[in-house]
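In the numbering used here, the protein residues as written are 1450 to 1758.
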Ligand SMILES: O=C(O)CCC(=O)C(=O)O
Ligand SMILES: [Fe+2]
């Protein structure tokens, strides 16, 4: 393993465990349906752990974002297919993941500052100390293709405890194609956001789930407390593309260190709010620790962390 690298795909390969326990669906009440009403969305997230919000973000940019993925994935594949296929949950490497999205097209920066998203972030995560900005926790694309395997049912949590009382992440899946059971719609376990003390991600437990059937352009919204996973794509000729991202409180460590990953030119003209959520703050509220060793360019791009939105 090269110095500075994280754990490699090979390190991740684990023995396949046959699930010994099957947990059936256990949820009273109707499953959330696609809705354009943000109050229904909040209520669905609270009662079922997820919601499907339609028409709220960039309705005229769905096709554009989809096209960007097609061309950028093809470009990466031509250079080195492992850059987009190295996702350990799909043994045949059929599905595609794409990172560094803001460097590829400005639509992905625009996405991050959509007001409906931020309203949901505030609803799910609640206020922050001294009104400090939330942070983008991760941002990438997920494309299932015919034959893509199902991802294991999991939590998007960077923790291994059974006593988390509140969400540490507001998560979003922007559907760039219609999501249905055949093309690998995200599988969700309704109500599992309240199963904290019962969740076992060792592989020994199998969770029954339902597909989050969602129209193109909609947002699937959930938190790091909901069990979910990409469905298998059992279609013969249909792909299913999404942008997967999340926000966390300022005291959590995001999966991506954006100031070190993105090209500074991408963020140069971005709003203060965008720089805040991407972590371009060299100080936190109440404690100064300026980025002495960062380049002059990077330092000139930093902003104060007090929430601007
Ligand atoms: O795109 C999806 O269906 C879900 C992906 C997911 O849960 C993940 O990568 O953590
Ligand atoms: Fe996930």
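Backbone N, C-alpha and C define an ideal beta-carbon position, used for all residues, glycine too.
DSSP three-state assignment for residue i, whether helix, strand or coil
i	result
residue 1561	helix
residue 1693	strand
residue 1816	Absent from the model: residue 1816. The displayed extent of the chain is 1450 to 1758, so no value can be given.
residue 1628	strand
residue 1707	helix
residue 1657	coil
residue 1687	coil
residue 1724	helix
residue 1500	strand
residue 1717	coil
residue 1620	strand
residue 1752	coil
residue 1572	helix
residue 1636	strand
residue 1492	helix
residue 1783	An answer regarding residue 1783 cannot be provided, because it is not within the stretch 1450 to 1758 covered by the chain.
residue 1732	coil
residue 1450	Only weak support exists for where residue 1450 lies, its pLDDT of 29 falling under 50; the coordinates are left without a value.
residue 1460	In this prediction, residue 1460 scores a pLDDT of 45, lower than 50, which makes its location untrustworthy; the coordinate-derived value is nonetheless stated afterwards. Looking at residue 1460 - three-state DSSP - the assignment turns out to be helix.
residue 1580	helix
residue 1455	Low confidence applies here, because residue 1455 scores a pLDDT of 40, under 50, leaving its location unreliable; read the following figure in that light. Residue 1455 falls in the coil class under three-state DSSP.
residue 1652	coil
Contact check, residue i vs residue j, beta carbons under 8 Å
i	j	result
residue 1503	residue 1485	yes
residue 1645	residue 1618	no
residue 1588	residue 1694	yes
residue 1506	residue 1661	no
residue 1472	residue 1654	yes
residue 1597	residue 1682	yes
residue 1673	residue 1606	yes
residue 1748	residue 1731	yes
residue 1750	residue 1713	yes
residue 1592	residue 1556	no
residue 1499	residue 1671	yes
Integer Cβ distance of residue i from residue j, believed to fall under 8 Å
i	j	result
residue 1677	residue 1615	Their Cβ separation, rounded to whole angstroms, is 18 Å, which puts residue 1677 and residue 1615 out of contact at 8 Å.
residue 1633	residue 1549	Between residue 1549 and residue 1633 the Cβ distance is about 23 Å, and since that is not below 8 Å, they are no contact.
residue 1706	residue 1581	Contact flag wrong, Cβ pair sits at about 18 Å.
residue 1650	residue 1604	7 Å
residue 1585	residue 1561	6 Å
residue 1533	residue 1546	6 Å
residue 1675	residue 1641	6 Å
residue 1709	residue 1551	Not really, about 13 Å apart at Cβ, beyond 8 Å.
residue 1692	residue 1623	4 Å
residue 1508	residue 1666	6 Å
residue 1445	residue 1577	Residue 1445 is absent from the model: the chain starts at 1450 and stops at 1758.
Range of the contiguous beta strand (DSSP E) that encloses residue i
i	result
residue 1592	1584 to 1593
residue 1472	1470 to 1472
residue 1747	Note, residue 1747: premise wrong, no beta strand (DSSP E); alpha helix (DSSP H) at 1745 to 1749.
residue 1547	1545 to 1547
Where the alpha helix (DSSP H) containing residue i begins and where it ends
i	result
residue 1531	1531 to 1534
residue 1523	1511 to 1528
residue 1551	1550 to 1553
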